[in-house]
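Visitor: Supplied in structure tokens, the structure appears directly below.
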Amino acid sequence: MQGSRKIIASLVFLFFLHVAILFAGFVAPCDPATQNREFPFAPPTHLHFVDARGRLHFRPFVYPIVPQPGALYQYEETRERAYAVRLFVRGPEYKVAGLFPSHLHLFGMDAPARIFLAGTDNYGRDQFSRILFGGQMSLAAGLLATGISLVLGLIVGCIAGFYGKWIDESVMRLVELFMVLPWLYLLLAVRSFLPLHLTPAQAFFLLIGVIGTIGWARPARLIRGVVLSARSRKYVMASRGFGASDFYIVRRHVLPHTYGVLLTQAALLVPQYIVAEVTMSFFGLGLSEPRPSWGNLLAVLQQYNVVVSYWWMFAPALALVLVNIGYLGVANAFHEQLQSGSM
Amino acid sequence: MKYLQRRLAHSIVLLISASVFCFLLSDLAPGSFFDEMKLNPQISPGTVAALRSEYGLDQALPVRYGLWVKSVLRGEWGYSFAYNFPVRSLLIIRARNTLLLTSLAMLLAWLTALPLGVWIASRPGRWDDRLSMAGTSLLLAVPELVLALGLLYVVIRTRALPAGGMVSVRFEGLSLWAKICDLSAHLVVPLTVLVLASLPILVRHVRASMTEVLQAPFIQAACGHGIGQARLLFRYALPAAANPLISLLGLSVAGLMSGSLLVEVITGWPGLGPLLLEASMSRDLYVVVGVVMASTVFMILGSLLADVMLVIFDPRVRAD
Amino acid sequence: MHRWVGPAAILFACSLACVASSPPQSLHGGEELQISDNEPGRYGGTLTVAQRSEPKTLNPVTAADAPSREVIGRLTADLIHINRASQQTEPALAKSWTVSKDGRVFTLKLRRGLHFSDGQPFDADDVLFSFQVYLDEKIHSPQRDLLVVGGKPMEVQKIDQYTVRFTLAQTYAAAERLFDSLAIMPRHLLEQSYKDGKFAQAWTLTTPPSEIAGMGPFRLKEYVVGEKIVLERNPYYWKADRNKNRLPYLDELIFLFVGNEDAQVIRFQAGDTDLISRLSAENYMLLSKDAANRGIQLFDLGPSLEYNFLVFNLNDVQARNLDKIAAEQTWFGDLKFRQAVSSAIDRDGIVKLVYAGRGTPLWGNASPSNKFWVDQALLHPARSIGHAKELLKSAGFSWRNDGQLLDPRGQPVEFSIITSSSNTQRSKMATIIQDDLSKLGMNVHVVPLEFRAMLDRILQTFDYEAAIMGLGGGDADPNPEINVWLSNGGTHLWHLDEAKPATDWEAQLDQLMQKQMVALNYKDRKHLYDQAQEIIANEVPFVFLATPNILGGAKRSLANFKPAILEPTALWNVEELYFLPANGAGAKQ
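Right, dumping it as structure tokens:
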């Protein structure tokens, strides 16, 4: 069926993206925190395939760059010796999926040549590596916050939809309240009074928890709608007639109706929450140095001189858009399935 | 009527709870407005403490809340520590600027989305349908933040339009026509970002509900009667499809005050967004509460409007 | 019939324009003007300047924020003024003064025949009124604390219509500098609100311009909320150039509210504003790329007076339930630890990466540009990780196998540095320092906090471990900064609320600073202050980092532009600024 083909295609795309990001340590040539202070704001490394004598090589090579004398943050290539890009090299240590250490990297260079596929930042850190490692954090943030929102939304939506009347009314008013508050101020306040002794990663995930907790409102509303309509079905009433408990009815008859909505919401919320993390970091509330996340990688674009002079700093936006496309494709496919399934 | 009365009562409760929530939250956040003065080596701590008590910052929360409510009833909406005069005057000007931007954006977005969505729904499966789905997917995937930054980059590089702000320096001295041109030039960037950000969702929803309606038997019957395409779409199908769209419209109106914070901050548009940011950063409590209240009012207006319009336009709702 | 319509219209328009731009009053005898020896210029033009945020008020007594003070400074004048270029005091509204032998009594003679910007005469009654308001405890003016010397407020006495006597409770070395920026206010406009107890509500931004008057080069013309504040020439200003032309030359001065530095740069590039100050190094680089094409002159004045530093929390936290911090203070309190940190920090890297090379590393609190007060003999040790490790070893620290630093009790050395999230430069310094200290095996977290939240921790709750901050820049003289170094001072950041000095060297520092405060001879003061600087550099209460250069730019057509290191960098001589004619005639660089 065409619908499921679309789902599979999007899922495969997402899968590869997530794998690359999960194994960031392997795919990335550098450690994301290493500062190469001689190369701040270096542009992406120029990969050459044709050498000085006009011969074509399969394996790209690189000329090392040196700072231009007299000009700050400008570089030029030294053409004395070419260095080939090597595959499966030994490089800085990292932990595979956070578990066991390894030194193997997909590609790399011998010193003094450097390969900065996406250029470097203010401190000379390789942006390509940072984008991959940053993806780990941003994706985790999105998934975690989505999980929290959906669980909360499911519980509240079920209760509201199932029991109805004044419970429903009061819950819906609560939903409206949450949708009206400026979540930014909420986050600012929460960040400020967090104890200093949380590690920055802990503080970050706590904030993600807060985002997820604020965002339960919309899924709750949708779930409530589904539960309301499911509740009035004939077989539910029949089930009651047979003496089924509320919990059994919800679990057996109502919940299955929500799966479609939950899946679609999940596919919609993950990119939204990733963007929320990006926005948080934009205002300086996200992960702190030196850990990268797409949010704080993009935050540097707030500076006018960076936007004008260093175009490669936009690269994380591309990664962000790609991930969004993947998830939205899945959401679309699910949605279409739902539509065709339930009509 | 009774329904409306109930909704109104609920709205007032909502307003009050939002304001209480805000007060509570600001109490949690450490620091007060006068902390910056403490860092000035020439001001003694005694002076700062005296100013704190003068502004009532060391009184209990319920007392401060009560004072604020009194101020609202007087029409002042609280007092700004930073600007040293009532919040109302600040709010009105900034709200005007924000509304100018967001209402134009809403108008443009809807005026584009409605015909586009309707037209696409009438030709399912064709190339333009696929193109629009792909296009809206792409737009949805690009967050507002990236759109704003990207557009700003283009504008800066090409120097085609002013990059930020609402009016030029010489605005006051320009003729009326020049003023309009100047304002429009400054509006282009934030307006484009807002419209592009909201367009995909609108188009999709219009398309979705139109598609649903177009499959209904009465449409096919009308088709059989030989009614023309345009009339069919806009006079017969659209009103039937209007129900979810009206809720969406309500949501759009609800977001008139609050939806543009990010865009305003990035493009330097002097609206409520930068005001809220500055005030929450500097703990100017009453300004924050004022802005939240303003957006709450719009939120309530929006959903009230949607409900009223639903009752008026959709006979099926009345029948319930 | 119609032939005279044209010329008449032009005449009418001209007269309108003249009225609109308040031409200077012609000089008359009896006015004791100050003659300024700048290059004479031509009348006309509007100067547009950007401000980062709106002024909060125009009331000189209650204004505490920088944008308000910047505008108020152009509307008002003081008795004795510090010349920003020479950094020395000079006569302003007071044409001369005498000082008693013990340095406590100042008798100032005011200029005669001067008028406020609304035409009303100025005399000693206005001075008395102004100081009455400044010293009034009920008004809580931030300036009041400046005027309380030796525990007692300054006494002000009227001797005659143009002579006023000021008596201090004790000798104060920089007493003359106290008068700078204390605006003299018009009694005829403000006395009523003062008597009614409504002084704090006077001269807010909504006050109509006709009710505001001052002795500054400009007067308020218009305030557009959220956009700009427009000042026009004060026709009665009391300065003139050597050709007896009354200053200022400019017709109008406009302050535009432009949210942040980047937006200011964009406006400046577009030509909307005529000058830009407090420029960061990256933007300076950006502007210098096509400065020639756009008719812009950029300036780099060398190091500023500001000093950025890393401070460790040495406050008494026993009573406050901050056990973890109390335990960590065994590290922070150890001089060798602080010296090791100082030795490991890559100050050159900071200057290169944070200030794009336009900065100077610091090892003490006085910046190299403070030519009158900096101790030239201070050592500037080079960065050395090896030396830092030696210091740590000798203090009992050791290293684990994975490189993590352990304290003498075997605990891993891990702490956080808080910075203000809105200050990009200091946040960048924190990232660099974090990397530097990781080479010593210290696990450092960088925690950017919202500015007020950070201040709260540093000044109130003491719930922090280390912080990066910046101070200074106000005046070159050591006295205004004295509260940083006195052990009971309000900005003695590393250890606030000391009942008595916590360490011997702090007691010594107290003595030195107190002595230099009352020493009248510059040589004596310098000697004392040099000793103080040595103590500060040796005991490392602050790990000094770097200072940025003062950078900015202006249009080439702006003449008499002489930016200074002291604030207000660009506008301190705004009355002398004028625009060169478009064809460059009479231009002199």
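Residue numbers (the numbering used here), protein chains in the order written: chain A, 1 to 343; chain B, 344 to 663; chain C, 664 to 1252. Yeah, the Cβ is synthetic: ideal placement off N, Cα and C, and Gly gets one too.
So which residues of chain B does residue 888/C contact, with C-beta pairs closer than 7 Å?
Guide: Counting from one through the third sequence, the residue named residue 888/C turns up at place 225. In chain order: 436.
Visitor: Out of 871/C, 799/C and 788/C, which has the shortest C-alpha to C-alpha gap to residue 893/C?
Guide: Stepping through the third sequence from its first residue, residue 893/C is reached at position 230. Measuring C-alpha to C-alpha distances from residue 893/C to each of 871/C, 799/C and 788/C identifies 871/C as the nearest.
Visitor: Between which two residues does the beta strand (DSSP E) holding residue 1109/C run?
Guide: Position 446 of the third sequence, counting from 1, holds the residue named residue 1109/C. Element bounds for residue 1109/C: 1106 to 1112.
Visitor: Between which two residues does the alpha helix (DSSP H) harbouring residue 148/A extend?
Guide: Start at 1 with the first residue of the first sequence, and residue 148/A comes out as number 148. Start and end: 127 to 163.
Visitor: Along the alpha helix (DSSP H) that carries residue 501/B, what are the first and last residues, could you check?
Guide: Locating residue 501/B in the second sequence gives position 158, counting from the first residue. Where residue 501/B is concerned, the enclosing alpha helix (DSSP H) stretches over 487 to 501.
Visitor: If you follow the alpha helix (DSSP H) that residue 294/A is part of, which residue opens it and which one closes it?
Guide: Residue 294/A sits at position 294 when you count from the first residue of the first sequence. Here the alpha helix (DSSP H) through residue 294/A covers 294 to 299.
Visitor: Compare the C-alpha of residue 1140/C against each of 746/C, 1118/C and 1088/C and name the closest.
Guide: Within the third sequence, numbered from 1, the residue matching residue 1140/C stands at position 477. The residue with the shortest Cα to Cα distance from residue 1140/C is 746/C.
Visitor: Look at residue 1128/C and residue 911/C and say whether their C-beta atoms are less than 8 Å apart.
Guide: As a position in the third sequence, residue 1128/C is number 465, starting the count at 1. As a position in the third sequence, residue 911/C is number 248, starting the count at 1. Contact flag unset, no.
Visitor: Can you list the residues of chain A that residue 499/B reaches, using a CB-CB cut of under 9 Å?
Guide: On the second sequence, position 156 is the one that residue 499/B refers to. The contacting residues are 304, 307 and 308.
Visitor: Could you have a look at residue 655/B and say whether DSSP puts it in helix, strand or coil?
Guide: Mapped onto the second sequence, residue 655/B falls at position 312. Note: residue 655/B maps to helix in three-state DSSP.
Visitor: What are the uninterrupted segments assigned as alpha helix (DSSP H) that are 4 or more residues long and contained completely in the region 1122 to 1156 of chain C, given in chain order?
Guide: 1145 to 1148
Visitor: Rounding to the nearest angstrom, what Cα-Cα distance links residue 804/C and residue 1240/C in this structure?
Guide: The residue given as residue 804/C occupies position 141 in the third sequence. The residue given as residue 1240/C occupies position 577 in the third sequence. For residue 804/C and residue 1240/C, the distance between alpha carbons rounds to 32 Å.
Visitor: Provide the residue span of the beta strand (DSSP E) that contains residue 108/A, from first to last.
Guide: Reading the first sequence from its first residue, position 108 is the one you call residue 108/A. Start and end: 100 to 108.
Visitor: Enumerate in chain order the residues of its own chain whose CB-to-CB distance from residue 1009/C is below 8 Å, with the five nearest sequence positions on each side excluded.
Guide: Numbered from its first residue, the third sequence carries residue 1009/C at position 346. Cβ neighbours of residue 1009/C beyond the five flanking positions: 1046, 1095 and 1099.
Visitor: Okay, do the region 988 to 1000 of chain C and the region 1183 to 1199 of chain C touch, 3+ Cβ pairs below 8 Å being the bar?
Guide: no
Visitor: Roughly how many whole angstroms lie between the Cα atoms of residue 410/B and residue 628/B?
Guide: Taking the second sequence and counting its residues from 1, one reaches residue 410/B at position 67. Taking the second sequence and counting its residues from 1, one reaches residue 628/B at position 285. Between the alpha carbons of residue 410/B and residue 628/B lies a distance of about 13 Å.
Visitor: Going by CA-CA distance only, name the one from 898/C, 1058/C, 873/C and 890/C that's closest to residue 881/C.
Guide: Here residue 881/C refers to the residue found at position 218 when the third sequence is read from its first residue. Residue 881/C has its Cα closest to that of 898/C, out of 898/C, 1058/C, 873/C and 890/C.
Visitor: Round the Cβ separation of residue 84/A and residue 114/A to the nearest angstrom and send it over; I've been treating them as touching at under 8 Å.
Guide: As a first step, residue 84/A is located in the first sequence; it is residue number 84 there, counting from the start. As a first step, residue 114/A is located in the first sequence; it is residue number 114 there, counting from the start. The Cβ separation is near 14 Å, so there is no contact.
Visitor: Using a Cβ-Cβ distance cut-off of 8 Å, determine whether residue 37/A contacts chain C.
Guide: As a working note, residue 37/A is residue 37 in the first sequence. It does; some Cβ of chain C falls within 8 Å.
Visitor: Among the residues of its own chain, which have a CB less than 8 Å from the CB of residue 884/C, if the five just before and after it don't count?
Guide: Translated into positions along the third sequence, residue 884/C becomes position 221. If we look at residue 884/C and ignore the five residues flanking it on each side, its Cβ neighbours are 872, 893, 894, 895 and 915.
Visitor: Report yes if the C-beta distance between residue 532/B and residue 460/B is below 8 Å; otherwise report no.
Guide: As a working note, residue 532/B is residue 189 in the second sequence. As a working note, residue 460/B is residue 117 in the second sequence. No, the Cβ-Cβ distance between residue 532/B and residue 460/B is not below 8 Å.
Visitor: Pick out the complete beta strand (DSSP E) segments inside the region 982 to 1068 of chain C, 3 residues or longer, and give them in chain order.
Guide: 1022 to 1024
Visitor: When the Cα atoms are used, what is the spatial distance from residue 343/A to residue 556/B?
Guide: As a working note, residue 343/A is residue 343 in the first sequence. As a working note, residue 556/B is residue 213 in the second sequence. Residue confidence is low: residue 343/A scores 34 on pLDDT, short of 50, so the model does not pin down where it sits. No coordinate-derived value is stated.
Visitor: Helix, strand or coil for residue 724/C, going by three-state DSSP, please let me know.
Guide: Walking along the third sequence from the start, residue 724/C turns up at place 61. Coil.
Visitor: Short of 6 Å in beta carbon distance, which residues of its chain neighbour residue 13/A, apart from the five on each side in sequence? Order them along the chain.
Guide: Start at 1 with the first residue of the first sequence, and residue 13/A comes out as number 13. Only 326 meet the Cβ criterion.
Visitor: What's the gap between the Cα of residue 653/B and the Cα of residue 414/B?
Guide: Translated into the one-based positions of the second sequence, residue 653/B becomes position 310. Translated into the one-based positions of the second sequence, residue 414/B becomes position 71. One C-alpha to the other measures close to 36 Å.
Visitor: Taking 8 Å as the threshold (C-beta atoms), are residue 119/A and residue 43/A in contact?
Guide: By one-based count along the first sequence, residue 43/A stands at place 43. By one-based count along the first sequence, residue 119/A stands at place 119. Yes, the Cβ-Cβ distance between residue 43/A and residue 119/A is below 8 Å.
Visitor: With burial defined as no fewer than 16 other Cβ atoms inside 10 Å of the residue's Cβ, what is the status of residue 693/C: buried or exposed?
Guide: Here residue 693/C is taken as the residue at index 30 of the third sequence, counted from 1. So residue 693/C counts as exposed.
Visitor: What are the start and end residues of the beta strand (DSSP E) that includes residue 903/C?
Guide: For the purposes of this step, residue 903/C is taken as residue 240 along the third sequence, with counting starting at 1. Residue 903/C -> beta strand (DSSP E) spans 902 to 904.
Visitor: If contact is defined by three or more beta carbon pairs under 8 Å, each pair taking one atom from either stretch, is the region 1176 to 1187 of chain C in contact with the region 1009 to 1028 of chain C?
Guide: no
Visitor: Whole alpha helix (DSSP H) runs in the region 219 to 300 of chain A with 4 or more residues, listed along the chain?
Guide: 234 to 241, 246 to 249, 255 to 282 and 294 to 299
Visitor: In chain order, what are the residue ranges of uninterrupted alpha helix (DSSP H) at least 4 long that sit wholly in the region 1178 to 1209 of chain C?
Guide: 1185 to 1202
Visitor: Could you tell me which uninterrupted beta strand (DSSP E) segments, each at least 3 residues in length, are contained entirely in the region 919 to 987 of chain C, listed from first to last along the chain?
Guide: 959 to 966 and 969 to 975
Visitor: If we cut at 8 Å on Cβ distances, does residue 832/C have a partner in chain B?
Guide: Within the third sequence, residue 832/C is the residue found at index 169, counting from 1. Answer no: the Cβ-Cβ gap between residue 832/C and chain B never drops below 8 Å.
Visitor: What residues in the region 123 to 138 of chain A have a beta carbon less than 8 Å from any beta carbon of chain B?
Guide: The region 123 to 138 of chain A vs chain B, Cβ under 8 Å: nothing.
Visitor: By the 10 Å Cβ neighbour count, where 16 or more other Cβ atoms means buried, how is residue 1003/C classified, buried or exposed?
Guide: Counted from its first residue, the third sequence places residue 1003/C at position 340. Classification for residue 1003/C: buried.
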